[in-house]
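Q:
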Amino acid sequence: HSWHIALMAILLSEYANSLNIDLLKVIKMLLIHDLVEIYAGDTFAYDKVGNMHKEKREREAAKRIFGILPEDQNEELLSLWKEFESMSTLEARFASALDKLQPLILSYNNKGWSWKKHGVASNQIIESKKDIAKGSEDLWEYTKTLIQKSIDEGFLVDG
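Those letters in the sequence shown? Residues 86 to 244, per our numbering, in order.
Following this line, the structure appears as structure tokens:
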């Protein structure tokens, strides 16, 4: 996921809502966010129970991971992670858009395997992916197209 999403940032940066984003900052945010998720234990997006304590687990993981670094690096990475989580900047919103889009592309390419396994419907995906538009209107349009293709091809239940 980390390699894939970093490459997506490079290749899709022209579709960000602002062309004035700091691409290196976007890539750092994506990689740092991924590291925290790995350490905290990644949670399936549609797992209501697992997501109840996700924020706390990730906050604790970020403090532990970045806490072993020299103070300047700790502060920089923790700040970038918080910025990503809050979606408070153009870079954070674009990074978040990519982070939401990547699993959708993966699910489409594996013919909706995880959606079918967990009984996920299109309305759940639309709800969880709608913030993509905050980082990229173009990628949101692509997302809606991919969701419809998934329904049309029988990978995803409409509803």
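Beta carbons are placed, not taken as given, at the ideal position from N, Cα and C, and that holds for glycine.
Every value quoted in this text rests on a predicted model; they were computed, and no experiment measured them.
If we count the other Cβ atoms within 10 Å of its Cβ and call it buried at 16 or more, is arginine 178 buried or exposed?
A: buried
Q: Taking the alpha-carbon positions, what's the serine 199 to serine 192 distance?
A: 7 Å
Q: Quick check on this structure: which residue in Lys196, Val205, Asp184, Ser87 has the alpha carbon closest to the alpha carbon of lysine 234?
A: Lys196
Q: With DSSP as the reference, label valine 205 as helix, strand or coil.
A: coil
Q: Let's see if you can read the secondary structure: which residues bound the alpha helix (DSSP H) around glutamate 238?
A: First-last for glutamate 238: undefined, no H or E at that position.
Q: Just tell me which of Leu108, Lys214, Phe169 has its CA closest to the CA of glutamate 122.
A: Phe169
Q: Who are valine 242's beta bridge partners in DSSP?
A: For valine 242, which the question treats as bridged, DSSP gives the partners Ala206.
Q: Using CA atoms only, rank isn't needed, just tell me which of Asn208, Glu156, Tyr227, Glu140 is closest to leucine 241.
A: Asn208
Q: State the DSSP-derived secondary structure class of leucine 104, mapped to helix, strand or coil.
A: If DSSP states are grouped into helix, strand and coil, leucine 104 belongs with coil.
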